[in-house]
Each structure stands twice: as structure tokens, then as C-alpha cells.
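First comes the structure, then the notes that go with it.
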Amino acid sequence: MRISTAVTLMLILASVLCATPPALAEAKVPLGHVEVRGSGPVPMVLIAGPTLDWRYWEGFMDRNAEAYTMYAVTLPGMSGSRPMPTPRLWRPRERKDRENPPLGTPWLDNAIDAIVDMMHEQGVENAVVMGHAMGGVLAMRLGIEHPELVSAVISLEGPVAFPMARPMTKKERAEQAQFMFDTNMRAIPAEQWAEQMEQWTLLSVSDPKIARFVTSVSLDTDKDVVIRYMVEHRMTDLTDEIGKLHQPLLAIFSNETLGGVDTRKQKDFAPAWHEDVRFHDFDDISFFYNLQRPERFDAEIAAFIKEQVADGGDRPGEGGD
């Protein structure tokens, strides 16, 4: 009887262990939405920042339907879609725990996996991946981690490392993002949160119509979801990884006024194989270049793609240096 019980327990344990990988795979959170438009020869994946969804790219998609086949994604949790489970707030009691903050970015990791799954399902390869703000960071990660799917990367207002008041280690970034930013932002009441989102948008773009659109889309997403993405955006530092980006890279920023900031950004991107970092006057393009100056934006993106993708360019290992 004892032998039979032991064997039964072993069989149960074995079945649990064998079932673990599929169960984990099924638990991955899919994209909230994928909007497919256009029939052009160049495939393009579009990723918005931490408060917006696929609608951020709608005008661009309508204007460029003949040039690109576009897949604009809504990240998990945005606009009421299913989010990842929110990690427990980092409130360590022991000193040793305070000295070792969690460094992972599970929501951004899941977003990468979900976009890659979508590209496989849709048969998308050799795509130009373009992202805004945190979406630009995800675009760079896709190029670094899945080079077989990406032909070029375009990052709008997406830095290699989120700007801080002083240089920080990854540990210090995690401490500030998870302990200070997360805790302080979650303490803001819902009504005050809506007001702050509107004020931030008005500071980021001069056109009231654009500001109203951005604010309305931003408020479609639960505050805790936005905060979690913002926390992980602030934690991300691709300084050690950017040298692995072997696709053409275009990074565009609205011009900073603080001394040395632009120079630092230029230096951050330098290890990438082919980096083209451009700074435009903030009053001209604002933080939302594609919304503020759509025709000019379209022309700049088209010129980059024609030069680096459509006409072809040597990459490392393909005739380049």
C-alpha cells in the first residue's frame, strides 16, 4: 500500500512538472488591440507611450496607407484591456531588502513577448518598428532582442536611459522608481490625477485640440496601469545593450534647453551600429511631433526609411564594417 501511494504521488508530481511550461505560456497577457491598416510594401509596427493606445498613430496610418502595412498596438492594460498582475509594492522592512531592490521589468518584458507573438501570428518580419516615449524604448528592445524580425528602429522621445537628475546605477534607478515615484504617484486622488494628466499634456504640446485628444485617450487607462508602466520606463537603462542594436536607428527628440542634455543623449546612442540622433526645436514639433507637424513628420520618416531600408544598407556581417 505504501509503495502504491508513493508511486501515485510521484506520478502526480511528474504531471505537475510537465504541465508547468504550457501553463506559464498561457498565462502571458496578450496585447489589448492590434489595428492593421495600409497595404504598402514596408511593414511597420507602431507602439505608443505609457498613457496612450493605438489611436495615437491613427492619423499617421491614414496618411501613409499606400507606403506601409502598419500594425499599431495597444499594450496590455491600456484603454481598459487586460493588464499584467501588478507587482507587490516594494516596501522593505529589513535593511538587507532595502539594499537589494527588485530590478526586473515584468510588464515591459511581457509587452515585448506579446508584440513578438503578434508579429509571428501576422507573418510580420523585416519590419520598421517605431515607438513614442516608452514605445521607443520597446522598439529598441525589439531590435536588440529580436533582430530577425526588425529591419530598422525609430524612437521618438525614447531615451536609452530615462533622464535623471544625476547619473544612477540600475540599483539606484530601481530604488527611486519603485519606492519614491511609485508610492508618491499612487497617493494622488483620482480627480487630481486627471487634472495632472491634462496639465502635463498642455505643457507638452501647444495645440489645444491635440492636448484634448491626448488627455482623453490617456484617461481611458486605469491610473495604476499607467503608473506601473511609468515605473518600469524609469527603471530601464539600455546603456549596456544599445551596442547590440545592429539595425539602422533614427532617434528624434524635441530640443532640450538644459545644458548638456542633448550631448548626453547623443553619446548614449553612439554605441549603436548606425545611429542618427536628431533634435528639433521644441516650440516647433513639441513632444508629439507626429501630431503637431504631421506632413513634416511623415516626410522625415519616409526619407529615413527610403535611405536605410527600401534602398538597402550594409549591416555588420553583410558587407559593412
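Start counting the sequence shown at 19; every next residue gets the next number (my numbering). Glycine is no exception: its CB is placed at the ideal position from the N, C-alpha and C atoms.
Query, Result
"Cβ pair V354, I323 closer than 8 Å", "Look at the range of the chain in this structure, 19 to 339, and you will see that residue 354 is not part of it."
"Validate contact between the region 201–209 and the region 218–228 using beta carbons, cut 8 Å, 3 pairs", "no"
"N-terminal and C-terminal residue of the beta strand (DSSP E) that S169 is part of", "V168 to L174"
"CB of G176 within 8 Å of CB of V155, strictly", "yes"
"Reduced DSSP secondary structure (H/G/I, E/B, other) of G56", "coil"
"C-beta atoms of S222 and F306 nearer than 8 Å", "yes"
"Beta-bridge pairing of A145 - partner residues as DSSP gives them", "V168"
"Rounded Cβ spacing between S97 and T239 (contact assumed at less than 8 Å)", "6 Å"
"Beta carbon of L263 nearer than 8 Å to that of V171", "yes"
"Residue ranges of each beta strand (DSSP E) within the region 234–272, 3 or longer", "266–272"
"6 Å Cβ shell around I260 - same chain, five flanking residues per side excluded", "V178, P289 and A290"
"Contact under 8 Å by Cβ, M248 with T233", "no"
"Among H164, S272 and D135, nearest to R311 - alpha-carbon criterion", "S272"
"Assumed close pair M102, V47 - CB separation to whole angstroms, cut-off 8 Å", "5 Å"
"Three-pair Cβ contact test at 8 Å for the region 156–164 versus the region 119–138", "yes"
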